[in-house]
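A short worksheet on the structure shown next.
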Amino acid sequence: MTVIDTEVQDGRARPQRGAKVLDAEQVTMRFGGLVAVNKVDFDVHEGEIVGLIGPNGAGKTTFFNCLTGMYKPTSGTVKFYGEVLPPKPRAVVKAGMARTFQNIRLFGNMTALENVMVGRYCRTTSGAITSVLHGPKYRREEAESRSRAQELLDFVGLGKSSELLARNMPYGDQRRLEIARALATDPKLILLDEPTAGMNPLETQQAMDLIFKIRDQGLAVVVIEHDMRFIFQLCDRVLCLVRGEALVWGTPGEVQSDPRVVEAYIGGSELEDDEDEVQA
Amino acid sequence: MEIFLQQLVNGLTLGSLYALIAVGYTVVYGIVQLINFAHGEVFMIGAFGALATYLLLFQGQTALWILPIMIIGAMIASVGTAVLMERVAYRPLRNAPRLAPLITAIGISVFLQEFVRLFFDKVPGTDFPSAKAKIPFPQIDVVTGRAFHPMEGVTIQRAAIFTVAMLLLSAVGLWWFVNKTKLGRGMQAVSQDPDTARLMGINVDRIIVVAFAVGAALAAIAGVAQGLQITNVNFKMGFIAGLKAFTAAVLGGIGNIQGAVVGGLVLGLAEAFITQYTGMLPDPFGQFGGSSWKDVWAFALLIVILVFRPQGLLGAKVVDRA
Amino acid sequence: MNLPTLPDTLREQHSGKGWPLALVGSLLLLVSGLLSWSFDPSILGDISIAFWPASLQLFAMILGAVGVLLALMHRGPLHRLGDWFDTALGLRALGTGSLLFVVFSLVAIASEAGGLVNVNPGGWLALAGALLLTVGARFVPQRQLNSFAKAKANPVLEIVVIVLGMAAILFGAAYVLGRDDPWIFVGFLVMAAVAFMALARAGFFTWMSHVAQRHRHVLTLAAFVVAFLFPFTQDGSDANMSIATQVLIFAATAIGLNIVVGLAGLLDLGYIAFLGSGAYVGAMMSNAASATIGWKPPFIVVMLIGACVAATLGLIIGSPTLRVSGDYLAIVTLAFGEIFRLSMFNLDGNNGPDLTNGPNGIPGIPDLNLFGFDFGKPHTVFGIQLGRFSNYYFILLLLIGFIILVFTRLNNSRIGRGWVAIREDERAAEAMGVNTFGLKLLGFAVGAFLAGLAGTIKAHQDTAASPDQYIFLESAFLLAAVVLGGMGTVAGVLIGATILKLLPEKLRFFSEYRLLLFGLLLVIMMRVRPEGLIASKRRQLEFHEDDEELAQEVQADHLIDAAPEAAR
Amino acid sequence: MPKRSAVSVGATLLVASLALSACGSRGGSDTSSSAAGSGASAGGATKTAKIGVIAPLSGDLAALGLGIQNSVDLAIKQANETNAIPGWKLELAAEDDQATADVGKNAATKLAGDKDVIGVVGTLNSSVALQVQPVLSSANIVQVSPANTGVSLTKGEDAANPARPFKTYFRTCTTDAIQGPFAARFLFESGIKEVATVHDKKAYGQGLVQAFTEEFEKLGGTVVAAETINPDEDKYDAVVSAIKPKSPKALYYGGEYPNAGPLSQQMKSQGLNIPLMGGDGIFDPKFIELAGSTSDGDLATSVGAPTDSTDSGKKFLEEYKAAGYSDPSAAYGGYAYDAANSIINALKTSLANAASVEDARQATVDALGKVSFDGVTGKVAFDEFGDTTTKILTVYKVTGGEWKTEKTDEFK
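Chains as they are written, first to last, in my numbering: chain A, 10 to 289; chain B, 405 to 726; chain C, 20 to 587; chain D, 1478 to 1889.
Okay, structure coming up:
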């Protein structure tokens, strides 16, 4: 695989933290009587990889959805570059935040290239008329979209698969395609929901390399994961959520050594099904 | 006042008919989330089943005891059709893309209409009239004939009383079936959570067939009631009736059996009163009232409910079918 | 057309005998067409004369010729072509198919003339030929094939093939449309299907699709030239042209619907209302005596107004998509369609303002007259008389060309990708920044706009607009054309529209059963081939040979993946 | 084709056919000509002319349509037997219009494309005629309708300034403009001063009710309620409820029997016990079947004297019966028979010296305008608009489950 780049593989040569990209303050989310997320603080800077961990039902995905604008928090604010975004996925993407899905949600009957080109949608503006007339704007944007999409496919290591249907691609490639699609929206911040779910160790390693590579482009990255080892190797800071509350928020070392985290992971999976439902 | 009472009677009669058909939509939807678009045709086949029973066994007679046998004949025809179509057309599509069952349903609907139209008079061993034109429906003593006049200006048709009575009877029967029998409770379980129900050892396929059958049986009763009321049947009678009944089911909250009954009655009454009172409005508006526009208003109501309150009046099992 | 396959050993033992048998069978079939098939000169366009083949004889000769061609490609002078085409499979399909065709022919003769005794030696010879071919083909061994991807392209040859193919379609269409005898008509269809199957099995169409990829513009141009030439083959008769114009209007509307259903994945069961609104605008602004609007602008303006009215309706019907989707949306659109029809029915002055003249519609719409060209008058071009419907055919051809252009260009733009993304996964599309609601509305509006354009012409072509032309069943037919042909494709919709409009017209005995079969067809299609006769490029890729290995790989991967996923 | 089963016959024919094939000449039937007409060989001296029929041969109104088709067929057969037009053989070309305008137009296009078609009998429905007229007119083919009663078909849309829209269109039945008023006078004269009207909004029903209302009000009666129904509907509760409080003494219905029957039944079962009266569209046994036992007393007008009341009418009915058609001649059989005979009469002049059918079409249009003979429904002749000059009408009444003649009169 071409993505493996020995220089960043060790993951220790981390660039300087940049400006604050995302700032969540006291985010609370209630569904009826259930408090899914309770007063959580969170922030991400440019060039930083932040992890989000927690047992099943800890409210990770709910929190994630608050960050990406799918939900409007019951109280508290989420600011992106200092601004509160409207709770509309489209506006959020436009502002520069992109995401992937826990259960891969590609456009199965489109080719890999087309999938990525859909990601360019919000950065292009050709309307129906210029599209039909093949006007200069259409030609320019279409060529730009195409080359950018191919570039991104190359970047994630799928350059040769551009004409394959997404549904026919191997599982690991689908994950990477999803990342390429998210990158196509020109994000400042990318949120990855369990990017290594169902991957074997080799693929996991490749995914980690890819995430470093994205970070090295100056993007901020938020990762939700179950795989502790993966998170601790990858992230600069880690937030551990348990039952909707921020249990620990610090460097991988701090989180790893906190006894409460271990305890939470052993005994805390009561709200199993809630997460799936919220996701759907 | 007489006008009001008369429209109340008309509305309840119409509503009872809608309610009987609407149950079929709601039961099936509650269990498989399928809009059985062909249910209107099941209703139509019920009416023809009753007619065929009459023509075969009792031609020329008018005694009351014939009626239950006609209803049984109607049910055999309707239930048979519904079960067959579930088995042949819908079951193989249970995991198909979402457009497939709906398109199939349209296909079945057209097929059944045409089948009756073309072949009703070709049933071997009979001399049924051709269904290409309207066929007179038999008159039965007691339930057809001279109307009642409880007071000046109000008429109650005998067939109307029959329809409302059949609705009451069916509602009680249905309540008993759903709550008191094993199959009925199985139906409830499947509609709440098919996967768990399957794990608990409930035969989901069988429950689905039962749902189709129950809906068809009530539609058959509706078919007979309609035949007695308007004294003729034709192969097209299922389309609009089916659409209206679907509106009723949505109105009450699709998936909710009480909802279907309430929705049917509400829709029937609404239609009757809209017909009567919009026609009396001063002119620019009055033109859009009366019986010509009642279907338009019914469909407009359907759209408004689907858009703004898809869970209906009584709330329903709403599943995102996106 | 698959008989049980022979055991390999048996096939190897007799492999030498298969080819000559197949060749002789094909030759017999070819020769049989030159002999008399029946005693009775009055049936089936007179097949009683030797050395002057007609109808069924001609069809048998075509099948024989295909057989000879395939056989000679397998071994003999053309054997080098056999490296590319799977002649064995082709011959087998042809064998079974020819047998079917000959049996059909004999049944036709027997039923028309009263008994098999009326079959002449030609017919029996054809049967013998088909039998020999069937048996022989079973023993013909398959050869190692080269992939077309490696084939060296000879552009001139390829273009010639395209032109020949198109010419064949033109002559075939002109011939078959001239047949009124249902036996001959069906016989032709059987023959065409058999030839098509045989060539398809031989890989001919795979090659054609490669060729088409390389010469897309030539293909499009050729298709339009053929369509343009079609009226000239009709010898001044307008009966077929009347059907052809109906097919075009139907297809144009169906392509518009294809945007909504095929691309954006939104089921619309009230689509005929858009065609209807266009037609009503066309009618109300025409010079008809009962037209209800006094303003008579030039037709181009009327077209635009009609299209815009339809597009506005499209926006209204599309607006519930903000909150409603799936089955509920389908029912909402159905209700809108019914409301449209009932409104047109009611707006006659008694119930509401007098706009549409009620159930009687607006009759007596005069013919179009554009730039001094009167569409109602026959015109003579190159010595061939073209009637009223031919005139409309040409303008409709222009219209459908425009509609196809709009469809394909939108499909290949960011908007088209947005639609497909919505169809595939609306939430994911939204999360990728696609303006889902706006695009859905746009889909409805564009589709409705195109249908409205078609409607304004339809009003003049029909000379009337009335509510009973725009019933739910018509919407169902449109949907069926899209589903039958293949969602998201132009060619599929054209084929679907042609099948649904042409067959009932041509097979009058069948018209009574038209709707019955239509319903059955929908059910069977959904069960057997939900993607339609012609799968869209995107869907076709699913079956693409290059992907086959990959698909297996993916499956294997998923087996591995399934384990940890289940464990979670 | 007679059935040949004996092998010996086959063998003889084998020899014959081989001999025939040796000559190798083709009868000319497999040329590229696409018109339906060339199927019949133009052998001998007789040339072929076709008379088309456009009528609903399937669907709700098929009973009426088949009667028309058979009656025309009878007329053609008789003309051929008597060799009415020397040198020409007549053929029937029947097309189904399913009582739908669109289908009717296709049928007309097909007939217009047939070079042998000289005239068409049809249509049943005025709404279909509106679309058939222009198509046949553009090919200059005469059309004689046995049943269209819509006034505008011959007098144009503007009632004040009648102008004939199509020179090729004629009819053997009288129009709504006569039938409606005739009914109005009948009701008024039988002492009914308050009526309700209902129509199905179609050209026929609406025109009928309009003409009825004008005359009835002119006579001094009142129309207490005017309602419409949608012909697709089965239940008329709403309409009956709206009419009942106005307590009319009779209901005049504009439309056809598939709706009129159930309407009569339903209004009576809801306590509105007044006679329903309609035009020729409800004058059919099917009406009584659908209206049930309470239909006694319902009335219908129909054009002309009852077919079985005149000698020529009786003769027609006997011949029709003798010809063994499976469907009855129905309400319009006599008019269709007269329509066909009017065309045949015109052809006697126009085809006499014509080389081909196409050449004779204009002459046929001219000749048809001058036709005058005694038909089974009375005298057949046309005025300057193409309307029949006969204005005899009959009122029928349902008595004991059958239509019985009530009154025959000439409208003045």
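All C-beta atoms in this analysis are idealised placements derived from N, C-alpha and C, irrespective of residue type, glycine included.
Could you pull out every residue in the same chain whose Cβ sits closer than 6 angstroms to the Cβ of residue i, ignoring the five residues on either side in sequence?
i, result
"G1529(D)", "A1570, L1588, V1594, V1597"
"F1663(D)", "V1872"
"G1477(D)", "Not covered by the structure: residue 1477(D). The range shown for chain D is 1478 to 1889."
"E1733(D)", "G1758"
Kindly list, in the order they appear in chain D, the residues whose Cβ is closer than 8 angstroms to that of residue i.
i, result
"E531(C)", "S1535"
I need the straight-line Cα distance from residue i to residue j, nearest angstrom please.
i, j, result
"V179(C)", "T106(C)", "22 angstroms"
"W580(B)", "V665(B)", "15 angstroms"
"G1542(D)", "D481(C)", "23 angstroms"
"T1525(D)", "A1831(D)", "12 angstroms"
"Q1546(D)", "V343(C)", "51 angstroms"
"L706(B)", "L519(C)", "31 angstroms"
"S1604(D)", "K1679(D)", "7 angstroms"
"V159(C)", "W38(C)", "6 angstroms"
"V1700(D)", "H1676(D)", "13 angstroms"
"D1537(D)", "G1684(D)", "21 angstroms"
"P523(C)", "R360(C)", "25 angstroms"
Against residue i, what residues of chain C qualify as contacts under a CB-to-CB distance less than 7 angstroms, listed in chain order?
i, result
"Q1608(D)", "P382, T482, A483"
"T508(B)", "L541, V542, M545"
"R99(A)", "E449, G452, N454"
"Q691(B)", "N370, G371"
"P554(B)", "In chain order: nothing, as chain C lies at least about 32 angstroms away."
Determine whether the Cβ of residue i lies closer than 8 angstroms to any Cβ atom of chain D.
i, result
"N388(C)", "no"
"D393(C)", "no"
"S261(C)", "yes"
Would you verify that the beta carbon of residue i is, or is not, closer than 8 angstroms to some beta carbon of chain B?
i, result
"L1728(D)", "no"
"L1767(D)", "yes"
In chain order, what residues of the same chain lie with their CB nearer than 8 angstroms to the CB of residue i, ignoring the 5 residues before and after it?
i, result
"L164(C)", "D102, W103, F104, D105, G222"
"F120(C)", "F78, A79, L82, A149, G206, V209, M210, V213"
Does any residue of chain C bring its CB to less than 8 angstroms from the CB of residue i?
i, result
"V527(B)", "no"
"S696(B)", "yes"
"V547(B)", "no"
"E518(B)", "yes"
"N74(A)", "no"
Keeping to the same chain, check which residues put their C-beta closer than 7 angstroms to that of residue i; ignore five residues upstream and five downstream.
i, result
"A1539(D)", "P1533"
"T1489(D)", "Model confidence at T1489(D) stands at a pLDDT of 45, short of 50, so the residue's coordinates are unreliable and nothing is read from them."
Would residue i count as contacting chain E if we go by Cβ distances under 8 angstroms?
i, result
"Q411(B)", "Included in the structure are the protein chains A, B, C and D, with no chain E among them."
In chain D, which residues lie with their C-beta within 9 angstroms of the C-beta of residue i?
i, result
"T567(B)", "By Cβ distance, chain D contributes nothing, its closest Cβ being about 12 angstroms from T567(B), past 9 angstroms."
"A308(C)", "S1629, G1633, E1634, D1635, P1642"
Kindly list, in the order they appear in chain C, the residues whose Cβ is closer than 9 angstroms to that of residue i.
i, result
"M650(B)", "The amino acid occupying residue 650(B) in the given sequence is Phe; Met does not appear at that position. Going along chain C in sequence order, the residues near F650(B) (Cβ under 9 angstroms) are I350."
Looking at the C-beta of residue i, does it have a partner C-beta in chain A at a distance below 8 angstroms?
i, result
"L288(C)", "no"
List in chain order: all unbroken alpha helix (DSSP H) runs of 4+ residues lying wholly within the segment 1712-1738 of chain D. 1714-1720
Enumerate, from N- to C-terminal direction, the unbroken beta strand (DSSP E) stretches of 3 or more residues contained entirely within the segment 605-649 of chain B. none
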